[in-house]
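Below: the structure, in structure tokens.
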Amino acid sequence: MLFYDLAHTRAGDKGSSVNISVVAYDHKGYDHLACYLTSETVMEQFKHITDGPTTRYDLPQIKAFNFVILGALGGGVTTN
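Every letter in the sequence shown is one number past the one before it in my numbering, and letter 32, counting from 1, is 33.
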């Protein structure tokens with residue numbers, strides 16, 4: 002099973018932080034992602050650019066997660 006079979010994503014920035022939203026297509030996909038898509042697994046993909054921290058916000062009403070990764074953009078998007 003591939004990630005894009007379960008959900009779609011959007012990303013944005015706020016200062017030096019990255020915001021990643023993951024929205025599952027259905028409740029089964031949301032439940033699967035809830036087990037495996039942790040702050041630690043997301044941070045593993047960004048460890049080469051920041052030490053974090055990463056926070057996961059669960060939004061079960063809309064089958065979504067929001068990850069905020071602090072310090073990923075250095076001084077902000079306009080300085081990178």
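By construction, the Cβ of each residue, glycine as well, lies at the ideal position given by its N, Cα and C atoms.
Whole angstroms is fine: what's the gap from T10's alpha carbon to G16's?
-> Taking the straight line from one Cα to the other gives about 20 Å.
Status (buried if at least 16 other CB within 10 Å, exposed otherwise) for Y31 = When all chains shown are included, Y31 counts as buried.
Check each candidate in L3, Y58, N20 and K29 and name the one with the smallest Cα separation from L74.
-> The shortest C-alpha to C-alpha distance from L74 to any of L3, Y58, N20 and K29 is the one to N20.
Evaluate F4 with the Cβ neighbour count: other Cβ atoms within 10 Å of its Cβ, from every protein chain shown; 16 or more gives buried, anything less gives exposed.
-> With fewer than 16 Cβ atoms within 10 Å of its Cβ, F4 is classed as exposed.
K64 and A25 closer than 8 Å at C-beta = Yes. Within cutoff.
Sequence-distant residues of its chain with Cβ nearer than 6 Å to S40 (five each side left out) = Sequence-distant Cβ neighbours of S40 in its own chain, meaning closer than 6 Å and more than five residues away, are T55 and R57.
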